[in-house]
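Colleague: Below you will find the structure I want to go over with you.
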Amino acid sequence: MAAEIHSRPQSRRPVLLSKVEGHQDAVSAALLIPKEDGVITAGEDRTIRVWLKRDSGQYWPSIYHTMASPCSAMAYHHDSRRIFVGQDNGAIMEFHISEDFNKMNFVKTYPAHQNRVSAITFCLASEWLISTGHDKCISWMCTRSGSMLGRHYFTSWASCLQYDHETQHAFVGDYSGQITLLKLEQNTCSVITTLKGHEGSITSLWWDPVQRLLFSGASDHSIIMWDIGGRKGRTLLLQGHHDKVQAICYIQLTRQLVSCSADGGIAVWNMDISREEAPQWLESDSCQKCEQPFFWNIKQMWDTKTIGLRQ
């Protein structure tokens, strides 16, 4: 079941607080530092930068580090101040950031993929580093030993990843438009199900472990909310962007979904209101509302002595 939601013009607009400028190429990842006026960014210009807000209100880099290959993905664990940076060459590098956020020390390199790393997540409880890449696979490695624990291959590039730390389930979106749900074990994994609904490649995923909702954005300009916890196959289709959806973020406190697209558009969706689901698509030779025959239904037109013009 799917509900189609169209955007309506709103008078309220987001307010620009500040800009962080300095990268010489596309920014591939940007993360806020919890409880700090700081931002960590990684870019195609092969640099990692930690920006802290100064008394002037401007953000200035306190850490500037150059990598050997363009940075394509990043994950940051604040409690341990560990940062993992995926690169275009398939490697993931781990760093440790000092308490004052002015120094970053190299820890180790993980040979995770044979091609560009698309997404990374780190689980402290299991010490697993989980990632996806353009080599069409998801890999999980042990951060204690640096060894590979397992790999699973898909038929298309794996483009985005979300992980449920409690159940060890991974959601992987790919370029074919599918989302695969896997259960990861120590040295193996099992495919639970495949979610299909998008008509373009999956560009972003967001998992809410509280309500057990999965949000997916795609190149078909749409967002789908999958009610995983409800176990009834309920989905909501959100339409309003005019270009491919690039990133999504669900704010549990306010029940709002924030999304942005390649044309620079930002949308805020109120997910706390009740919505009616649209009925499933059915095949029929006549309109289910007015019962008039479609133009190809010659038999009903002859029987009822009417001319069907509906398409």
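Residues in the sequence shown are numbered consecutively from 267, following our numbering.
Heads up, the beta-carbon is just placed ideally off N, CA and C, and yes, glycines get one too.
Can you check whether the CB of N536 is closer than 8 Å to the CB of Q518?
Modeller: Not a contact, by the Cβ cut-off of 8 Å.
Colleague: Which residues mark the beginning and the end of the beta strand (DSSP E) in which C515 is found?
Modeller: Per DSSP, C515 belongs to the beta strand (DSSP E) from 511-517.
Colleague: Just to confirm the assignment, what range does the beta strand (DSSP E) spanning E592 have?
Modeller: Outside the modelled stretch of the chain, which goes from 267 to 577, sits residue 592, for which no answer is possible.
Colleague: If you drop the 5 nearest sequence neighbours on each side, which residues of the same chain put their C-beta closer than 6 Å to that of L297?
Modeller: I306, Y342
Colleague: Between E310 and P336, how many whole angstroms is the CB-CB distance? I'm expecting something under 8 Å.
Modeller: 4 Å
Colleague: Measure the beta-carbon distance from D240 to G439 and round it to whole angstroms, keeping in mind my assumption that it falls under 8 Å.
Modeller: Residue 240 falls outside the range modelled here, since the chain spans only 267 to 577, and no answer is possible.
Colleague: Excluding sequence positions up to five away, which residues of its chain have a Cβ less than 6 Å from the Cβ of H344?
Modeller: P300
Colleague: Can the beta-carbon of S338 be found closer than 8 Å to that of R382?
Modeller: Yes, they are a contact pair.
Colleague: Looking only at C-alpha atoms, which of T454, L479, G443, T459 sits nearest to I468?
Modeller: G443
Colleague: Taking I329 as the reference, which of D366, Q353, D354 has the closest Cα?
Modeller: D366
Colleague: Would you mind working out which of K462, G496, K510 sits nearest G483, comparing C-alpha positions?
Modeller: K510
Colleague: With contact counted as at least three CB pairs below 8 Å, one residue from each stretch, are the segment 484-497 and the segment 388-406 in contact?
Modeller: no
Colleague: Where does T433 sit, in a helix, a strand or coil, going by DSSP?
Modeller: coil
Colleague: Going by the CB atoms, is the gap between W317 and V351 shorter than 8 Å?
Modeller: no
Colleague: From S397 to G466, what distance separates their C-alpha atoms?
Modeller: Taking the straight line from one Cα to the other gives about 22 Å.
Colleague: Mind checking H508: buried by the 16 CB within 10 Å criterion, or exposed?
Modeller: With a threshold of 16 other beta carbon atoms within 10 Å, H508 falls short and is exposed.
Colleague: Take G530 as the anchor and find which of L448, Q512, I349, D291 has the nearest alpha-carbon.
Modeller: Q512
Colleague: Could you give the distance in angstroms between the alpha-carbon of M333 and the alpha-carbon of S540?
Modeller: 47 Å
Colleague: Which residue comes first and which comes last in the beta strand (DSSP E) that contains A295?
Modeller: For A295, the uninterrupted beta strand (DSSP E) segment begins and ends at 293-298.
Colleague: Please classify S294 as buried or exposed, where buried requires at least 16 neighbouring CB atoms within 10 angstroms.
Modeller: buried
Colleague: Rounded to a whole number of angstroms, what is the C-alpha to C-alpha distance between T501 and S284?
Modeller: 36 Å
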